[in-house]
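A.B. asks:
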């Protein structure tokens with residue numbers, strides 16, 4: 003087109019690298035930051051996916067208490083107000099566990115783990131005004147989830163922080179060409 007070429011951005015495909023070097027030897031080349039970040043975050047993505055999967059699995063017993071709540075409400079053992087409160091609570095738990103991720107920066111496992119703590123805090127508050135046996139069961143499960151998943155959460159959180167640091171460096175100081183990396 004007769005326009006000056008300021009630079010080439012590509013992923014790490016050998017054919018593209020060789021062609022760019024041969025056809026445009028004096029034009030700076032840089033790897034695509036999206037592909038670069040995707041590649042370095044693969045291990046993190048897998049660990050984060052495992053965290054999300056495990057937390058979701060451990061939330062199932064909480065959601066299964068909804069059937070018991072329905073039965074107790076139908077038998078008159080739970081008031082309409084208490085049952086509706088529990089239904090709202092179950093919807094919050096379901097919504098939290100249904101989120102989807104868009105890596106590398108929108109994480110679900112990390113957020114879901116934090117949501118478990120938020121659920122625990124909310125249930126403790128609700129338990130003061132509505133001392134339901136369901137809340138004691140839910141607290142037992144949320145505490146167990148947080149304790150058993152904490153080491154995994156910490157490891158995944160550290161990986162996430164490293165990736166964010168790398169992205170910050172890339173945003174501030176983009177390399178002029180691949181050889182400067």
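Residue numbers (our numbering): 3 to 183. Just so you know, even glycine gets a beta-carbon here, dropped at the ideal spot from N, CA and C.
Return the residue from the list 13, 121 and 85 that minimises the CA-CA distance to residue 37.
C.D. replies: 13
A.B. asks: Name the two residues that bound the continuous beta strand (DSSP E) containing residue 1.
C.D. replies: As displayed, the chain neither begins before 3 nor continues past 183, which places residue 1 out of reach and without an answer.
A.B. asks: Using the C-alpha atoms, what's the distance from residue 126 back to residue 140?
C.D. replies: 10 angstroms
A.B. asks: Less than 8 angstroms between the C-beta atoms of residue 165 and residue 57, yes or no?
C.D. replies: no
A.B. asks: What is the C-beta distance between residue 115 and residue 151, in whole angstroms, given that I count them as a contact (C-beta under 8 angstroms)?
C.D. replies: 6 angstroms
A.B. asks: Closer than 8 angstroms is the cut-off here; do at least three beta carbon pairs connect the region 85-105 with the region 65-74?
C.D. replies: yes
A.B. asks: Are there 16 or more other CB atoms within 10 angstroms of the CB of residue 83, so buried, or fewer, so exposed?
C.D. replies: That one is exposed.
A.B. asks: Determine the burial state of residue 179: buried for a count of at least 16 other Cβ atoms within 10 Å of its Cβ, exposed for fewer.
C.D. replies: Because the pLDDT of residue 179 is 40, which lies under 50, any placement of that residue in the model is unreliable, and the number read from its coordinates should be weighed accordingly. Label assigned to residue 179: exposed.
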